[in-house]
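Down below is the structure, laid out as structure tokens.
Chains as they are written, first to last, in this note's numbering: chain Z, 7 to 320; chain P, 2 to 288.
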């Protein structure tokens with residue numbers, strides 16, 4: 007297990023270095039001079055040189071890369087072209103909003119997907135199974151941001167039950183947070199839930215047809231025991247994998263929904279930074295989200311190696 | 002592989018749900034080709050005296066804030082959405098399949114390097130990477146197409162490589178090498194035809210996600226630029242008019258039906274061509 011964990015961590019570090027190369031290269035492919043663009047009408051030769059020097063853009067490219075990686079590992083991601091604030095601070099301010107939205111969405115996804123998937127699998131071929139399959143197919147195909155807009159039309163504009171947008175930190179006002187997070191989290195969570203439902207159904211079906219489940223039934227165990235102890239438990243490895251993948255996706259997949267609901271998270275920040283051509287913030291946000299994505303993926307790998315020891319032995 | 006592609010299409014047509022999906026895809030392609038002839042009004046025919054009209058016999062999908070006919074704009078937006086998704090998936094398909102075939106068949110250092118690059122690209126959520134690429138290259142249809150194409154290359158490379166790795170050990174491939182056939186001939190004659198099934202399935206599913214990605218980019222103002230109609234941009238424009246529900250409902254419905262149709266065809270093809278890959282592909286489908 008230790009060797010597996012170290013190997014997985016080593017792989018993550020290599021990929022993370024690759025991520026820094028991609029992010030660094032992308033931002034250096036920007037046509038024109040980003041410093042000139044950032045200064046806009048406030049351009050003076052002095053301010054240009056000052057910002058260019060502060061951003062490290064006056065050094066050779068390779069030196070800029072190593073400086074960028076070195077600084078990034080110490081938490082220094084440069085300063086925002088737009089506000090002059092340290093990018094790390096800006097990102098940390100926005101991170102809780104994204105994490106809380108992603109967490110709420112994941113809860114909704116798992117709470118709906120798990121029972122539906124297990125139910126559909128254990129009632130394979132029946133009308134209820136067909137309904138679950140159709141609904142999950144619809145869920146996979148619906149754009150989450152459109153679902154969000156429909157929720158606003160229904161629950162805010164028509165019924166007036168929920169605020170259409172905005173954010174209150176969970177720690178300050180849990181009820182206010184809940185009333186604002188429920189629509190974006192449900193829009194994203196139902197789409198993720200549809201994907202997970204299909205996967206849970208497949209995994210449980212496969213486990214139901216396995217020899218250990220047949221043996222358990224042949225021993226005369228009650229159906230409920232067979233399902234809970236032998237079928238669902240053995241289906242958990244692939245299910246945890248897909249839940250982990252979905253959780254990782256949600257970190258960077260809530261950009262559009264954050265724009266729809268004016269949710270001040272990393273997605274909204276990235277969108278605003280792209281619109282304002284604030285490249286240090288875009289670079290920092292992309293790097294942070296990719297890092298979170300990698301960390302969640304690694305955590306999932308370690309978790310399922312823990313659940314199924316065969317994985318770490320392989 | 003349970004069936005060859007040609008017989009697979011006839012199998013597909015015998016499945017009602019998949020056939021319905023295929024029918025919708027054909028209908029959408031017809032709309033995309035004949036849109037200007039079929040649309041009742043011009044997509045940019047502004048008439049502010051008719052702004053924000055609800056659906057009626059005259060304007061089936063109502064009008065927007067500038068009095069433009071929503072139905073005409075939805076019909077004409079089909080062309081650009083399908084164009085972006087078809088071209089971007091074609092880019093991903095060609096580049097991904099060539100990479101997958103080469104590294105899967107030859108292995109060696111190229112395999113190690115290219116698959117690590119694929120791992121790196123997989124470390125980015127798809128939309129985030131697409132947005133970053135468009136942010137760098139500037140908004141527009143061409144850059145959105147390139148961005149979506151680039152982010153889908155790794156999926157095709159992985160699917161093709163996995164098949165090529167298994168095929169290179171097949172007796173008929175080894176026999177071809179033993180009688181002196183060159184690597185390019187082996188890849189073209191023996192490997193490529195046998196990787197086509199999973200690649201066809203992946204193409205259909207990727208088309209669905211490319212439609213979603215294009216809509217999301219256009220929603221954010223990074224894809225299709227006004228006044229050219231696009232479903233994503235129409236949703237963004239409609240967002241501010243909560244009393245005019247038709248401005249948001251119909252473009253979204255168009256995206257939903259298109260994505261659903263491609264997904265149904267993709268799922269049908271997967272069941273017909275390669276049911277064993279179902280679970281593995283589902284786990285990554287929303288990336």
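We put the CB at the ideal spot given by N, CA and C, even for glycine.
Using a Cβ distance threshold of 8 Å, residue 126 of chain P and residue 258 of chain Z count as a contacting pair. In this structure residue 21 of chain Z is not in contact with residue 160 of chain P, their Cβ atoms being roughly 20 Å apart against a cut-off of 8 Å.
Ranked by Cα distance from residue 228 of chain P, the first of P:208, P:20, P:36, P:43 is P:43.
In the structure shown, residue 192 of chain Z falls within a helical segment according to DSSP collapsed to helix, strand and coil. Sequence-ordered contacts of the segment 287 to 310 of chain Z with chain P read 288, 289, 291, 292, 295, 296, 297, 299, 300, 303 [C-beta pairs closer than 9 Å]. One thing to note: residue 261 of chain P has its Cβ no nearer than 8 Å to the Cβ of residue 86 of chain P.
Using a CB distance cut-off of 8 Å, residue 109 of chain Z does not count as an interface residue toward chain P. The Cβ of residue 107 of chain P sits no closer than 8 Å to any Cβ of chain Z. With contacts defined as CB atoms closer than 8 Å, residue 215 of chain P and residue 133 of chain P fail to qualify as a contacting pair. Just so you know, the alpha carbons of residue 223 of chain P and residue 229 of chain Z end up roughly 54 Å apart. Sequence-distant partners of residue 307 of chain Z (beyond 5 residues in either direction) whose C-beta falls short of 7 Å from its own C-beta, in its chain, are 14. DSSP places residue 252 of chain Z inside the alpha helix (DSSP H), whose first and last residues are 239 to 259. The C-alpha of residue 105 of chain P is placed about 13 Å away from the C-alpha of residue 187 of chain P. Positions of the alpha helix (DSSP H) runs, each at least 4 residues long and wholly inside the segment 150 to 229 of chain P, are given as 172 to 179, 184 to 187, 193 to 220 in order along the chain. Between residue 27 of chain Z and residue 71 of chain Z, the alpha-carbon positions lie close to 8 Å from each other. Residue 33 of chain Z belongs to the set of residues whose beta carbon lies under 8 Å from a beta carbon in chain P. Residue-level contact check: residue 246 of chain Z does not touch chain P, since none of the beta carbons of chain P fall below 8 Å from its beta carbon.
Judged by DSSP secondary structure, residue 102 of chain Z falls within the alpha helix (DSSP H) whose first and last residues are 93 to 128.
Scanning its chain for C-beta atoms nearer than 7 Å, with the 5 sequence neighbours on each side dropped, one finds around residue 41 of chain Z the residues 54, 57, 58, 61, 63, in chain order.
In chain order, 17, 20, 21, 24 make up the part of chain Z whose C-beta sits under 9 Å from the C-beta of residue 120 of chain P.
For residue 285 of chain Z, the enclosing alpha helix (DSSP H) stretches over residues 285 to 313.
Partner residues in a beta bridge of residue 179 of chain Z, as assigned by DSSP, do not exist. Sequence-distant Cβ neighbours of residue 26 of chain P in its own chain, meaning closer than 7 Å and more than five residues away, are 262, 263, 266. Residue contact with chain P for residue 190 of chain Z: absent (no Cβ-Cβ distance below 8 Å to any residue of chain P). Within the same chain, and ignoring the five residues on either side of residue 244 of chain Z in sequence, the residues whose Cβ sits closer than 6 Å to its Cβ are 209. Contacts with chain P (Cβ-Cβ distance below 8 Å) from the segment 245 to 278 of chain Z involve 247, 248, 251, 252, 254, 255, 257, 258, 259, 261, 262, 265, 266, 276, 277, listed in chain order. By the CB criterion at 8 Å, residue 311 of chain Z and residue 33 of chain Z fall outside the cutoff. Ranked by how close their Cα comes to the Cα of residue 156 of chain Z, the residues P:254, P:11, P:259 have P:254 in first place. Judged by pairs of C-beta atoms under 8 Å, the segment 239 to 250 of chain P does not touch the segment 173 to 186 of chain P, as fewer than three such pairs exist. A residue is called buried once 16 or more other Cβ atoms fall within 10 Å of its Cβ, and residue 269 of chain Z is buried on that count. The shortest CA-to-CA distance from residue 258 of chain P to any of Z:65, Z:152, Z:214 is the one to Z:152.
When DSSP states are grouped into helix, strand and coil, residue 64 of chain P belongs to the strand group. A residue is called buried when at least 16 other Cβ atoms come within 10 angstroms of its Cβ; residue 234 of chain Z does not meet this threshold and is exposed.
In the three-state reduction of the DSSP assignment, residue 174 of chain Z falls in the coil class. Within the segment 128 to 155 of chain Z, the complete alpha helix (DSSP H) runs of at least 4 residues fall at 133 to 147. Using a Cβ distance threshold of 8 Å, residue 222 of chain Z and residue 213 of chain Z do not count as a contacting pair.
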